[in-house]
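Scroll down for the structure; my scribbles are underneath it.
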Amino acid sequence: MKGLFFHRCLCLLLLLALCFSCAGCGVKGSIYANYRELDQLRLIRALGYDTSGAGVTLSASTGKQGENGESLSLCRSGENILKAMDSLQAYSTEGRLFFSHIQHVVAGREAAERGLGPLLDFVERDVRTRLDTELFILCEGTASSLLMNPGDDSYDATELLSSVKQDTSLRAVSRVSNFRETAVALSEYGAALVCLLRPVTTEGSVRLEEPGLTAVPVGYAILKDGSMVGVLEGRQAEAASLFLGYPGTVIREFSMPGGTVILRISGTGAEIRPSWQNGTPALDITLRVTTVLSETEPDPSQTGQSFSPDPGALEGAVEQMLTENLQDVIACSKSLDADFLALAKQLRRGHKLPSDWLRNLNIRITVSAAADRGYDLYTPMELKGDAHS
Amino acid sequence: MNDVNALSRRQFTAIVFISLLPPMIRRFPRVLAERAGNMSWLAGPLAIPALALGALLFWLLYRNFGKNTGYDTLLQSLLGPFFGALAVGIYTLWMLFYAGFLLRSGAMRFVSTIYPDALPGLFLLTMALACTAAACGSLKALGRTALLLRPLLAVLPVAVFVLTLKDADFQLLLPLTGSDPLPLLHCGLEAANLFGVAVILSFSAGHIGDGPLRLRDWLGWAGLVLGIVSLITAGCIAMFGPQLTARLRHPFFMLTRDVTILGALERVEPLAVAVWVFADFILISTLLWISGERLRCVFQRLLPPSQEKQSGFLAFFNRFCCPLLSGAFAAAAAFLLPAEEDVFLRLSDTVVPLLTAGLSFGFPLLLLVLKMLRKR
Numbered sequence: 130m131k132g133l134f135f136h137r138c139l140c141l142l143l144l145l146a147l148c149f150s151c152a153g154c155g156v157k158g159s160i161y162a163n164y165r166e167l168d169q170l171r172l173i174r175a176l177g178y179d180t181s182g183a184g185v186t187l188s189a190s191t192g193k194q195g196e197n198g199e200s201l202s203l204c205r206s207g208e209n210i211l212k213a214m215d216s217l218q219a220y221s222t223e224g225r226l227f228f229s230h231i232q233h234v235v236a237g238r239e240a241a242e243r244g245l246g247p248l249l250d251f252v253e254r255d256v257r258t259r260l261d262t263e264l265f266i267l268c269e270g271t272a273s274s275l276l277m278n279p280g281d282d283s284y285d286a287t288e289l290l291s292s293v294k295q296d297t298s299l300r301a302v303s304r305v306s307n308f309r310e311t312a313v314a315l316s317e318y319g320a321a322l323v324c325l326l327r328p329v330t331t332e333g334s335v336r337l338e339e340p341g342l343t344a345v346p347v348g349y350a351i352l353k354d355g356s357m358v359g360v361l362e363g364r365q366a367e368a369a370s371l372f373l374g375y376p377g378t379v380i381r382e383f384s385m386p387g388g389t390v391i392l393r394i395s396g397t398g399a400e401i402r403p404s405w406q407n408g409t410p411a412l413d414i415t416l417r418v419t420t421v422l423s424e425t426e427p428d429p430s431q432t433g434q435s436f437s438p439d440p441g442a443l444e445g446a447v448e449q450m451l452t453e454n455l456q457d458v459i460a461c462s463k464s465l466d467a468d469f470l471a472l473a474k475q476l477r478r479g480h481k482l483p484s485d486w487l488r489n490l491n492i493r494i495t496v497s498a499a500a501d502r503g504y505d506l507y508t509p510m511e512l513k514g515d516a517h518s
Numbered sequence: 534m535n536d537v538n539a540l541s542r543r544q545f546t547a548i549v550f551i552s553l554l555p556p557m558i559r560r561f562p563r564v565l566a567e568r569a570g571n572m573s574w575l576a577g578p579l580a581i582p583a584l585a586l587g588a589l590l591f592w593l594l595y596r597n598f599g600k601n602t603g604y605d606t607l608l609q610s611l612l613g614p615f616f617g618a619l620a621v622g623i624y625t626l627w628m629l630f631y632a633g634f635l636l637r638s639g640a641m642r643f644v645s646t647i648y649p650d651a652l653p654g655l656f657l658l659t660m661a662l663a664c665t666a667a668a669c670g671s672l673k674a675l676g677r678t679a680l681l682l683r684p685l686l687a688v689l690p691v692a693v694f695v696l697t698l699k700d701a702d703f704q705l706l707l708p709l710t711g712s713d714p715l716p717l718l719h720c721g722l723e724a725a726n727l728f729g730v731a732v733i734l735s736f737s738a739g740h741i742g743d744g745p746l747r748l749r750d751w752l753g754w755a756g757l758v759l760g761i762v763s764l765i766t767a768g769c770i771a772m773f774g775p776q777l778t779a780r781l782r783h784p785f786f787m788l789t790r791d792v793t794i795l796g797a798l799e800r801v802e803p804l805a806v807a808v809w810v811f812a813d814f815i816l817i818s819t820l821l822w823i824s825g826e827r828l829r830c831v832f833q834r835l836l837p838p839s840q841e842k843q844s845g846f847l848a849f850f851n852r853f854c855c856p857l858l859s860g861a862f863a864a865a866a867a868f869l870l871p872a873e874e875d876v877f878l879r880l881s882d883t884v885v886p887l888l889t890a891g892l893s894f895g896f897p898l899l900l901l902v903l904k905m906l907r908k909r
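Going line by line, the protein sequences match chains D and R.
Using this note's numbering, the letters of the first sequence map in sequence onto residues 130 to 518.
Using this note's numbering, the letters of the second sequence map in sequence onto residues 534 to 909.
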């Protein structure tokens, strides 16, 4: 009994000693060093990153906090990312900035061309950041101008960037990637594709009390060894998206005998068969796409004749167009010596790639298009005032 | 045998299973990815031949000994009273150093993953006090705790792997080529070396009270450990690629950081790190308990004899001085270990694994040779 009593006393003493180390005594060095009450925090959801010869400029946006909350936007410069963050905190008038909830990072064009290595390193290293934070690059201008000038209070930078992600899931012009995907692509293949945005004014397009800036996805920025070395825009970007199997559809217009057709094209990625010919790598790429007839515009000169495009001719036109677009994309990859399409993944099996494998890579592209359907209309209706009548 | 410290086979295997998790997460999958790149996820299956040889070694060593002989008893009967005691003393010093190393390693894990502004000494002290309190108690209590914690610690890595499946690119696990088998062999040996901790813990095997340990008691849990090694390695490589995995300090907790549960719950890595503290607690407490028992044997002649009607203070002294001494030694070792992370990393990646391999497999091999020579 006495032994049990002493055992219990000992355990109690040890637990009491433990309590001192678990209590909040001493802000410095205790586990409460980074504890804050929730209502004292301002969650930063979007971060802008610009660099110049003088250092780093960070712009931060909280987005709307709560239903009727207001958005807070800040912009400060520093010698490096941490000093810029400290400066942001110093200039914050409302609570403590909380960087652990950043969902989007936008890098300005100059920063991307100088190199995103410091930013990638910071996100990988710091405990506050997550690797699944989305990354965007602007094709012109600075990130701070986008985050600080969204216009009136009807939307803010975080909503804008979230809507870009929704947009790219429907349109194949681009795809939003995160830091993890970018870091993996850079470390495994030396190059990566990042969603490229163009800042545009809302004036004339969106009814707002005060015009501001918004951003539209226009393609991909090509990163090589952490720096932006080129871009894929328009048709090349769409072809790259189809090749890589990204979600979204491509809208293309074709002139056919009798009029113009607008098609929606979608695909599930390319099938790639590698081969080696006398030590030289070769790839046989097959891209299968489906097309849907979305609109027709009969030729005004062909009145009285119905316009029914030939599916075979449509498929041939799509195949030719996409083959040319893909060849342009691969030529871009070869000229930059940047394997942003991750072709090395297919060739590494059982072979060691020579240093100039990309430039010497032989590629045969086959596109197979299937005219799937034409929505709910087999033939266009003849209406008064129409070209048909 | 004192009933208070009697373990069941299930409790013993639970302690061993949980105790393999801290050394696993300290080095894997970073070290495996450094060695074998995208094929490092095969480390689990590749460890099986080495483990089979290890199992054969210990089966031959323990042959002709009574059921559930502790490793200390084996040492003393093979090496004699003097050299046996010396060997037990070396193992005890190793256990105290290893417990201190684990205290330091766990504290640094907290600081590098969750509390960058905190001091590691705080976590070190807290854990040392908690484990010392547990070491003052009964081994059976540790066994029961291990049984309770085992399902949680077994499910956590699997759950994290499943939650990351949607974003994983399994093409990063390929290609599988046999052109250079040495790195793969190295990975297999690294995974097998994890079980060196089980050899150290077999000092407490003499307290198993419900029958001899059988192979089938081990197979399932050993297989689960190897499965977890392969699973977390495959998960990290499929998410980060082999090169980034090799650069990250704690790839598994980085994997957990990006997990979002049902789109609502984020940043669950503090939860995963906190759950892993239970594994540290079981391993360090068991090491301190075993060390306390060994110290009691060493100081037995100096301690007053234990009697039923002994006064309170003497009974207290007899019972608790050795576990408290173990805790104090381990905490001192932890505080004296180098604070610089790169030096500690070199210690963690080279010295500790080599000593574990030497004491857990190399020395028993010498004992087996000695046993065979004696038979002749």
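Note that CB positions come from ideal geometry on N, CA and C, so glycine has one too.
(message) For a cutoff of 8 Å on Cβ pairs, would you count R/R559 as touching chain D?
(response) Taking Cβ atoms only, chain D never reaches closer than 8 Å to R/R559, which makes this a no.
(message) Rounding to the nearest angstrom, what Cα-Cα distance links R/L705 and D/A499 in this structure?
(response) One C-alpha to the other measures close to 31 Å.
(request) Please work out which residues of its chain come closer than 8 Å, Cβ to Cβ, to R/I794, disregarding the five sequence neighbours upstream and downstream, and give them in chain order. (result) Listed in chain order, the non-local C-beta contacts of R/I794 below 8 Å within the same chain comprise L696 and V801, local neighbours out to five positions each way being set aside.
(request) Return the CA-CA distance between D/Q475 and R/A805, expressed in angstroms with no decimal places. (result) Each residue's alpha carbon lies about 36 Å from the other.
(message) Does R/K904 come out as helix, strand or coil in the three-state DSSP assignment?
(response) Note: R/K904 maps to helix in three-state DSSP.
(message) Taking a contact to mean a Cβ-Cβ separation below 8 Å, would you say R/L662 touches D/L147 in this structure?
(response) Yes, Cβ-Cβ distance for R/L662 and D/L147 is below 8 Å.
(message) Only counting the same chain, and skipping five residues up and downstream in sequence, which positions put a Cβ closer than 6 Å to that of R/A569?
(response) In its chain, beyond the 5 residues on either side, P716, L717 and C720 have a beta carbon closer than 6 Å to the beta carbon of R/A569.
(request) Could you give the DSSP three-state label for D/F265: helix, strand or coil? (result) Of the three classes helix, strand and coil, the one that applies to D/F265 here is strand, per DSSP.
(request) In angstroms with no decimal places, state the Cα-to-Cα distance between R/L584 and D/T297. (result) Using only the alpha carbons, I get a separation of about 51 Å.
(request) Might you give, ordered along the chain, the residues of its own chain that have their beta carbon closer than 6 Å to the beta carbon of D/E444, omitting 5 neighbours on each side? (result) Taking C-beta separations shorter than 6 Å and ignoring five residues to either side along the sequence, the partners of D/E444 in its chain run A498 and A500, following chain order.
(request) Use the C-beta contact count for R/P745: other C-beta atoms within 10 angstroms, 16 or more gives buried, fewer gives exposed. (result) Label assigned to R/P745: exposed.
(message) What does the alpha-carbon distance come out to for the pair D/W486 and R/A692?
(response) Roughly 40 Å between the two C-alpha positions.
(request) Within the same chain, show all residues whose beta-carbon is closer than 6 Å to that of R/S824, passing over the 5 residues directly before and after it, in chain order. (result) So the list reads T625, M628, L629 and S859, once near-sequence residues are dropped.
(request) Take the Cβ of D/N454 as the centre, count every other Cβ of all protein chains shown within 10 Å, and call the residue buried at 16 or more, exposed below. (result) So D/N454 ends up on the buried side.
(message) Between the alpha carbons of D/R402 and D/N491, how many angstroms are there, rounded?
(response) Those two C-alpha atoms are separated by around 12 Å.
(request) Kindly indicate which three-state DSSP category D/E199 falls into: helix, strand or coil? (result) In this structure, D/E199 counts as coil in the three-state DSSP scheme.
(message) What does the alpha-carbon distance come out to for the pair D/I494 and D/Q456?
(response) So the alpha carbons of these two residues sit roughly 8 Å apart.
(request) Compare the C-beta of D/K474 with all C-beta atoms of chain R and state if any pair is closer than 8 Å. (result) Taking 8 Å as the CB threshold, D/K474 lines the interface with chain R.
(request) Return yes when at least one heavy atom of the ligand FMN lies under 7 Å from the C-beta of R/A583, else no. (result) Of ligands this structure carries none, so the ligand FMN is not represented either.
(request) State the DSSP-derived secondary structure class of D/K353, mapped to helix, strand or coil. (result) In this structure, D/K353 counts as strand in the three-state DSSP scheme.
(message) Since R/A666 and D/L326 should fall inside the 8 Å C-beta cutoff, what is the C-beta to C-beta distance between them, to a whole number of angstroms?
(response) A Cβ-Cβ separation of about 57 Å leaves R/A666 out of contact with D/L326 under the 8 Å criterion.
(request) Take every Cβ of the stretch 175–190 of chain D, pair it with every Cβ of the stretch 198–214 of chain D, and state whether three or more of those distances are shorter than 8 Å. (result) A contact is defined here as three or more CB-CB pairs under 8 Å, and the stretch 175–190 of chain D meets this definition with respect to the stretch 198–214 of chain D.
(request) Give the residues of chain R in contact with D/V313, contact being defined as C-beta atoms less than 9 Å apart. (result) Result: D702, L705, M772, F773, G774, Q776 and L777.
(message) With a threshold of 7 Å on Cβ separation, who are the neighbours of R/K904 within its own chain once the five nearest residues in sequence on each side are excluded?
(response) Around R/K904: L594 and L611.
(message) I need the straight-line Cα distance from D/I173 to R/L781, nearest angstrom please.
(response) Just so you know, the alpha carbons of D/I173 and R/L781 end up roughly 25 Å apart.
(message) Could you check whether the Cβ of D/S291 sits closer than 8 Å to any Cβ belonging to chain R?
(response) With 8 Å as the cut-off, D/S291 does not count as an interface residue toward chain R.
(request) Mark R/V876 as exposed unless 16 or more other C-beta atoms lie within 10 angstroms of its C-beta, in which case mark it buried. (result) Result: exposed.
(message) At the 8 Å Cβ level, is D/R304 part of the contact set with chain R, yes or no?
(response) Not closer than 8 Å to any Cβ of chain R, the Cβ of D/R304 fails to qualify, so no.
(message) Can you tell me which residues form a DSSP beta bridge with D/E208?
(response) The partner list for D/E208 (beta bridge, DSSP) is empty, contrary to what the question assumes.
(request) Would you check if the distance between the CB atom of D/F74 and the CB atom of D/T180 is smaller than 8 Å? (result) What is shown of chain D runs 130 to 518, which leaves residue 74 of chain D out entirely.
(message) According to DSSP, simplified to helix, strand and coil, what is D/Y319?
(response) Rather than Tyr, the amino acid found at residue 319 of chain D in this sequence is Gly. Reduced to three states, the DSSP call for D/G319 is coil.
(message) Cβ closer than 7 Å: which chain D residues qualify as neighbours of R/R800?
(response) Per Cβ cutoff of 7 Å: S229.
(message) On the DSSP bridge list, what partners appear for D/H233?
(response) D/H233 is bridged by DSSP to D/A175 and D/E263.
(request) Spell out the partners DSSP gives D/Q406 in its beta bridges. (result) Bridge pairing for D/Q406: D/T409 [DSSP].
(message) Could you compute how far the alpha carbon of R/D702 sits from the alpha carbon of D/L373?
(response) Approximately 13 Å between the Cα atoms of the pair.
(message) For R/I794, report the span of its alpha helix (DSSP H) as first-last.
(response) From DSSP, R/I794 is part of no alpha helix (DSSP H); its letter is neither H nor E.
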